[in-house]
Amino acid sequence: MTTISIAHDDAAAPVPSGAMDTPNQATISLDNEPPVETPSKEIETGLSLVRMKSGPKRTSIWDGMVLMVTPATTEETKAQELTLQAKAVRRRLFLMGFLTVAAVAVTIGLSIGLAGGTVGELSTSSGNDVPLTNSITDVSTERSRTDPPSPDPTPPAHNSTESSGDHSTSSGGTSASTPGLSTTTRSPTTTTTTTAAPTTTSRPPTTTTTTTPPPLALGHMLNFVNRCTFPVYLYKVDRLLCTLQTNGQCGDTLVDREHTMYRHTNAADATLVELTLADRKLWYDISAIPPGCGNGMSYADCVRNSGGAKGYNIPVSVLPTKYDGNAQKGNCHKVTCTRAECPDAYLYPFDDLKMKDCPDDEVFVVTFCP
Numbered sequence: 001m002t003t004i005s006i007a008h009d010d011a012a013a014p015v016p017s018g019a020m021d022t023p024n025q026a027t028i029s030l031d032n033e034p035p036v037e038t039p040s041k042e043i044e045t046g047l048s049l050v051r052m053k054s055g056p057k058r059t060s061i062w063d064g065m066v067l068m069v070t071p072a073t074t075e076e077t078k079a080q081e082l083t084l085q086a087k088a089v090r091r092r093l094f095l096m097g098f099l100t101v102a103a104v105a106v107t108i109g110l111s112i113g114l115a116g117g118t119v120g121e122l123s124t125s126s127g128n129d130v131p132l133t134n135s136i137t138d139v140s141t142e143r144s145r146t147d148p149p150s151p152d153p154t155p156p157a158h159n160s161t162e163s164s165g166d167h168s169t170s171s172g173g174t175s176a177s178t179p180g181l182s183t184t185t186r187s188p189t190t191t192t193t194t195t196a197a198p199t200t201t202s203r204p205p206t207t208t209t210t211t212t213p214p215p216l217a218l219g220h221m222l223n224f225v226n227r228c229t230f231p232v233y234l235y236k237v238d239r240l241l242c243t244l245q246t247n248g249q250c251g252d253t254l255v256d257r258e259h260t261m262y263r264h265t266n267a268a269d270a271t272l273v274e275l276t277l278a279d280r281k282l283w284y285d286i287s288a289i290p291p292g293c294g295n296g297m298s299y300a301d302c303v304r305n306s307g308g309a310k311g312y313n314i315p316v317s318v319l320p321t322k323y324d325g326n327a328q329k330g331n332c333h334k335v336t337c338t339r340a341e342c343p344d345a346y347l348y349p350f351d352d353l354k355m356k357d358c359p360d361d362e363v364f365v366v367t368f369c370p
């Protein structure tokens with residue numbers, strides 16, 4: 001245990017600059033031993049031995065000043081600070097929510113106003129002008145006219161006597177009366193002009209009569225139909241098969257190993273529909289090769305070699321009615337040619353990618369002017 005002696009002499013030795021003053025202005029001398037934190041220290045006074053609890057260890061005056069100026073924070077203070085922070089956060093959230101709602105309300109109001117204005121303008125612009133039933137009324141008012149009096153000349157009277165209450169004048173037994181002033185005012189004449197409302201004459205609706213073509217009779221392997229406005233003279237190679245009027249139909253069926261072609265008229269420069277029945281397949285194509293093409297490798301070569309022929313004279317389409325687009329049944333697709341150099345048709349002799357095929361039980365519809 002360390003013993004500290006306190007001297008009460010007034011003439012004490014000067015206190016070193018590094019020591020701290022005590023309330024009694026006493027001089028404290030410590031042992032040279034290093035400070036040891038113990039639960040308590042005994043201080044010997046002149047009267048008795050007092051036990052005191054030691055304070056926190058301070059290594060310098062600056063540390064003590066820092067401890068003195070540092071505010072003590074308790075749990076209650078922390079709770080109050082947290083409460084204030086929570087209130088501030090709630091206020092901010094409430095303010096942000098209010099501003100958001102206000103902005104949304106203003107946006108909706110502006111949208112409704114703009115939509116209403118647009119609808120009003122549209123309704124105003126789409127309305128018919130109503131003619132005025134009455135025109136401006138013209139009122140012709142004649143001004144009041146006062147005719148000036150026309151006095152009768154009265155001959156001078158000699159020896160006349162005028163009475164005070166009488167307007168008549170006597171002269172030699174002859175009396176003359178002066179007529180009073182007469183004023184005539186004509187009342188204004190009001191003329192009302194009524195304009196009759198214009199008479200609207202409604203034209204009767206134009207009735208268009210549409211002729212519905214008869215349904216196709218698919219009784220053959222090849223069923224030809226004419227949708228052109230002119231007759232089609234259908235040739236099978238060089239033999240006239242049938243003449244098709246508008247919406248007219250006719251048919252034909254191939255036999256095994258038959259290779260043939262169909263065209264409108266027997267001209268060489270024509271659109272051809274070519275078919276072959278072999279090996280349980282129906283091979284078909286549309287040909288627009290100019291006649292006399294020779295070994296041309298393009299449509300331009302064929303046109304040049306043929307002297308300007310086109311190989312086309314009528315639009316035509318070939319439609320498989322059973323297996324169109326069915327990949328399991330072969331390269332079975334609809335082909336159409338509506339102009340010279342059409343992409344679905346043969347354009348030169350070696351243009352073999354244009355060939356199509358379907359099963360031999362396929363039923364085709366060949367339409368002119370599809």
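Taking UniProt numbering, the leading residue of the sequence shown gets 1, the next gets one more, and so forth. A virtual CB, placed ideally from N, CA and C, is assigned to each residue, including glycine.
(request) Would you mind sorting Pro-320 into buried or exposed? The rule is 16 or more other CB atoms within 10 Å of its CB. (result) Around the CB of Pro-320, 16 or more other CB atoms lie within 10 Å, so the residue is classed as buried.
(request) Find the nearest neighbour of residue 373 within the set Val-237, Ala-340, Gly-109, judged by alpha-carbon distance. (result) Any answer about residue 373 is impossible in this case: the structure gives the chain only from 1 up to 370.
(message) By the three-class DSSP mapping on this structure, what secondary structure does Thr-367 have?
(response) strand
(message) Judging by CA-CA distance, which residue of Thr-243, Glu-341, Asp-252, Thr-246 is the nearest neighbour of His-220?
(response) Asp-252
(message) Closest to Pro-291 by C-alpha separation, out of His-259, Ala-309, Cys-242, Lys-87, would be which residue?
(response) Ala-309
(request) Taking the CB atoms as reference points, tell me whether Asp-344 and Val-335 lie closer together than 8 Å. (result) yes
(request) State whether the stretch 358–369 contacts the stretch 277–286, with contact taken as three or more CB pairs (one from each stretch) at a distance under 8 Å. (result) Yes, since at least three Cβ pairs between the stretch 358–369 and the stretch 277–286 fall closer than 8 Å, the two stretches touch.
(request) Could you say which of Asn-247, Thr-271, Thr-229, Arg-203 lies nearest to Asn-223 if we only look at CA atoms? (result) Asn-247
(request) Please go through the same chain and pick out, in chain order, the residues whose beta-carbon is closer than 8 Å to the beta-carbon of Cys-342, but skip the five residues on each side of it. (result) Within the same chain, and ignoring the five residues on either side of Cys-342 in sequence, the residues whose Cβ sits closer than 8 Å to its Cβ are Ile-286, Ala-288, Tyr-312, Thr-336.
(request) Determine the direct distance from the alpha carbon of Tyr-233 to that of Pro-366, and round the result to whole angstroms. (result) Here residue 366 turns out to be Val, not Pro, going by the sequence shown. When rounded, the distance between both Cα atoms is 14 Å.
(request) Kindly list the residues whose CB is nearer than 8 Å to the CB of Thr-243, restricted to its own chain and excluding five residues on each side of it in sequence; keep chain order. (result) Pro-231, Val-232, Tyr-233, Leu-234
(message) Here's a check: name, in chain order, each residue in its chain whose Cβ is nearer than 6 Å to the Cβ of Leu-353, leaving out the five neighbours to either side.
(response) none
(message) In the DSSP output, which residue or residues are listed as bridge partners for Leu-244?
(response) Residue pairing by DSSP places Leu-244 opposite Val-232 in a beta bridge.
(message) Spatial neighbours of Val-303 within its chain, please: C-beta separation below 6 Å, excluding the five flanking residues on both sides.
(response) The residues are Pro-290.
(request) Rounded to whole angstroms, what's the CA-CA distance from Asp-351 to Asn-326? Just pull it up for me. (result) 23 Å
(message) Give me the residue from Thr-83, Ala-270, Ala-115 with the minimum Cα distance to Tyr-346.
(response) Ala-270
(request) State the CB to CB distance for the pair Cys-369 and Pro-315, rounded to an integer number of angstroms; the pair is presumed to be in contact (CB under 8 Å). (result) 6 Å
(request) Please report how far the alpha carbon of Thr-83 lies from the alpha carbon of Gly-109, in whole angstroms. (result) Pairing Thr-83 with Gly-109, the inter-Cα distance amounts to about 39 Å.
(message) Given a cut-off of 8 Å on the beta-carbon distance, is the pair Val-225 and Val-273 in contact?
(response) No; because the gap between Cβ atoms is not below 8 Å, this pair is not in contact.
(request) Take Cys-228 and list the residues in its own chain whose beta-carbon comes closer than 6 Å to its own, dropping the five residues that flank it on each side. (result) Phe-368, Cys-369
(message) Quick check on Leu-275: buried or exposed, where buried means 16 or more other Cβ atoms within 10 Å of its Cβ?
(response) buried
(request) Mind reading off the beta-carbon distance from Tyr-348 to Gly-296? Whole number of angstroms is fine, and I expect it under 8 Å. (result) 5 Å
(request) Have a look at His-264, Tyr-284, Gln-245, Asn-266 and flag the residue whose alpha-carbon is nearest the alpha-carbon of Gln-254. (result) It should be pointed out that residue 254 corresponds to Leu in this sequence rather than to Gln. Selected option, being the one with the closest Cα: Tyr-284.
(request) Kindly identify the DSSP beta-bridge partner or partners of Arg-263. (result) Answer by DSSP bridge pairing, in chain order: Tyr-235, Leu-272.
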